[in-house]
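Working notes for the structure below.
Protein chains in written order, with our numbering: chain C, 1 to 115; chain F, 1 to 114.
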């Protein structure tokens, strides 16, 4: 089975801190994604990557950046955390590249609280 | 861009009864419609999908129907069981694009009453 592992289940950070959310997948997937999940708003795409060193903005990239130095790892970075970034963050992967009908495999999420 | 509306936001049914979740989409070019189930404390998982050249697809107790003319699709769960309790997301995407083009509905919290 595909495994997508998010390094932290819960995180509590202070306003202004730089925050790193890490995601690793073990199936050699080319595509990786970061979503944010909020009650009543569903899943919203923050950033995605179809290859190492490649990154593209999703629907809500403001306040975030990403890093993909290795194929299996995709990191989400909050440069200066703010309270409105308190949310559940979900990482996902899929293959092959640019295939819309390849299912997304999600991690179990990181619940981030910014105080 | 695509807009996916999902109803209801919460659905409570008695164990053994059927549950129906409905979604509408706006982009007539959309041609792939997956459904994801998210159990408590876990990430969403694909449970069934349908392509636009098919009107209905079944997998045991779950089925999905698609009406391209009306631009709506529905998830049907029969003989509901406690393990069906979860949040369900519908999604839509146009062919030719990467998975970044997947647009999700806002989710339905399905509660199975014993």
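Think of the CB as a built atom: it goes at the ideal place given N, C-alpha and C, for glycine as much as any other residue.
Exercise. How is the beta strand (DSSP E) around residue 59/F delimited, first residue to last?
Worked result: 56-59
For this session: Using a Cβ cut-off of 8 Å (strictly closer), state whether residue 103/C contacts chain F.
Result: yes
Problem set entry | CB contact check: residue 90/C to chain F, cutoff 8 Å | yes
Exercise. Whose C-beta lies closer than 6 Å to the C-beta of residue 9/C among residues of the same chain, with five residues either side of it excluded?
Worked result: none
For this session: Report the partner residues of residue 70/C according to the DSSP bridge assignment.
Result: 73/C
Exercise. Taking a cut of 8 Å between CB atoms, which residues from the stretch 56-67 of chain F lie near chain C?
Worked result: none
For this session: Identify, in the order they occur along the chain, each residue of the same chain with its Cβ nearer than 6 Å to the Cβ of residue 104/F, setting aside the five sequence neighbours on each side.
Result: Around residue 104/F: 89, 91.
For this session: Taking only beta-carbon positions, decide if residue 104/F is within less than 8 Å of chain C.
Result: yes
Exercise. Nearest to residue 69/C by CA position, among 95/C, 55/C, 93/C, 27/C, is which residue?
Worked result: The shortest Cα separation from residue 69/C among 95/C, 55/C, 93/C, 27/C belongs to 55/C.
Problem set entry | Close beta carbons around residue 16/F, own chain, < 7 Å, minus the five adjacent residues each side | 79, 80
Exercise. Within the chosen definition, does the stretch 63-77 of chain C reach the stretch 62-76 of chain F through at least 3 CB pairs nearer than 8 Å?
Worked result: Short answer: they don't touch.
Exercise. Considering only the beta carbon of each residue, do residue 33/C and residue 41/C sit closer than 8 Å?
Worked result: no
Exercise. Any contact of the stretch 2-21 of chain C with the stretch 101-115 of chain C, i.e. 3+ C-beta pairs under 8 Å?
Worked result: Result yes; three or more Cβ-Cβ pairs closer than 8 Å.
Problem set entry | Residue closest to residue 32/F, alpha-carbon to alpha-carbon, out of 50/F, 39/F, 19/F | 50/F
For this session: Taking all protein chains shown into account, decide if residue 92/C is buried (16 or more other Cβ within 10 angstroms of its Cβ) or exposed.
Result: buried
Exercise. Just curious, the beta strand (DSSP E) that residue 42/C is in, first and last residue?
Worked result: 42-49
Exercise. So, is residue 26/F buried or exposed, given that buried needs 16 or more other C-beta atoms within 10 angstroms?
Worked result: exposed
For this session: Can you tell me which of the three DSSP states residue 3/F falls into?
Result: coil
Exercise. In chain order, what residues of the same chain lie with their CB nearer than 7 Å to the CB of residue 68/F, ignoring the 5 residues before and after it?
Worked result: 52
Exercise. Going along chain F in order, which residues have a C-beta closer than 7 Å to the C-beta of residue 112/C?
Worked result: Under the 7 Å cutoff, chain F gives no residues; its nearest Cβ is about 15 Å from residue 112/C.
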